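First residue of the sequence shown? That's 1 in the numbering used here, and the numbers climb one at a time after it.
Cβ atoms here follow ideal geometry from the backbone N, Cα and C, with glycine treated the same way.
Keep in mind it's a predicted model, so treat the numbers as computed, not measured.
Take a look at the structure set out below.
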Amino acid sequence: MEKKYENAGYFMLLLFPLTFAGFYASYFSQVPNFNANIRLAHHFHGVVASLWLVLLVTQSFLMRYKKVALHRVVGKLSYVVFALLIVSFFPLLRRDDVNFFALADMAGLVIFYTLGIVHKKEPGKHMRYMIAVALVFIDPALGRLVFQVASRVGHYTEAMHHITLATISLILVALIIFDRVNHRNYRPYLVALSFYVAYQITFQVIYL
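Take a look at the structure:
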């Protein structure tokens, strides 16, 4: 692992409290007495998504501590977990506007993970695409958190989803600058940034 990225796993750990906060009102606050809107499909998706996050963070730490052989074993396991993660989206899709966000997140996951696997023999590119995969999880978590906070103060509009998408884009810009300063290949981040710019423009055109 590149020395400048040795602590990437610690930053990824922040996804856990963010996810808990974002899904607290709609899911975690109902444990163990869930309302009728929470179905088995929601539990399955939650478990698989959580397992995927654990795998992402674990992989980062395995590389940090030079456990390359174990990293490869877990990487092969990730094929199964990733497939289950994508499958777990479909029972949750509804015939309404929410599908746009779920489908966008699915597209991001598939694109970045596929590119990460394609470049698995190029550690630098592989790592950066997997970081992009991790960033996808900010969208549903932070998006819900922004909705909850804004709704409580009575100022929520669809346009506020730009806050979430802009946050992800700014993180990618920061990573690009970081890599440029350190003379690293930041092209995977450009791919991810292009995706989120397209996502944000599409959101603007469709909803606003």
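- If only complete runs of 4 or more residues are kept, the stretch 89-147 shows the alpha helix (DSSP H) at 98-118 and 123-136, in order along the chain.
- Note that the C-beta distance between F89 and A102 is below 8 Å.
- Between the stretch 137-153 and the stretch 9-18, the count of C-beta pairs closer than 8 Å reaches three or more; the two stretches touch.
- For N182 and I176, the gap between their C-alpha atoms comes out near 10 Å.
- L56 is a Cβ neighbour of M130, given a cutoff of 8 Å.
- Across the set A159, F178 and A49, the C-alpha of A159 shows the shortest separation from the C-alpha of T202.
- By the neighbour-count definition (other C-beta atoms within 10 Å, threshold 16), S78 is a buried residue.
- In its chain, beyond the 5 residues on either side, A21 and G22 have a beta carbon closer than 7 Å to the beta carbon of L145.
- N185 is positioned such that its CB atom lies no closer than 8 Å to that of G108.
- Shown here, A25 sits in coil according to DSSP, grouped into three states, outside any helix or strand.
- The C-beta separation of I206 from F61 comes to about 39 Å, leaving the pair out of contact by the 8 Å criterion.
- Under the 10 Å beta carbon count, V68 is surrounded by fewer than 16 other beta carbons and is classified as exposed.
- Straight-line spacing of the CA atoms in S151 and A25 works out to 12 Å.
- With a cutoff of 8 Å on beta-carbon distance, L84 and V110 are scored as not near each other.
- Judged by beta-carbon spacing, H45 lies beyond the 8 Å limit of L93, meaning their Cβ atoms are not closer than that value.
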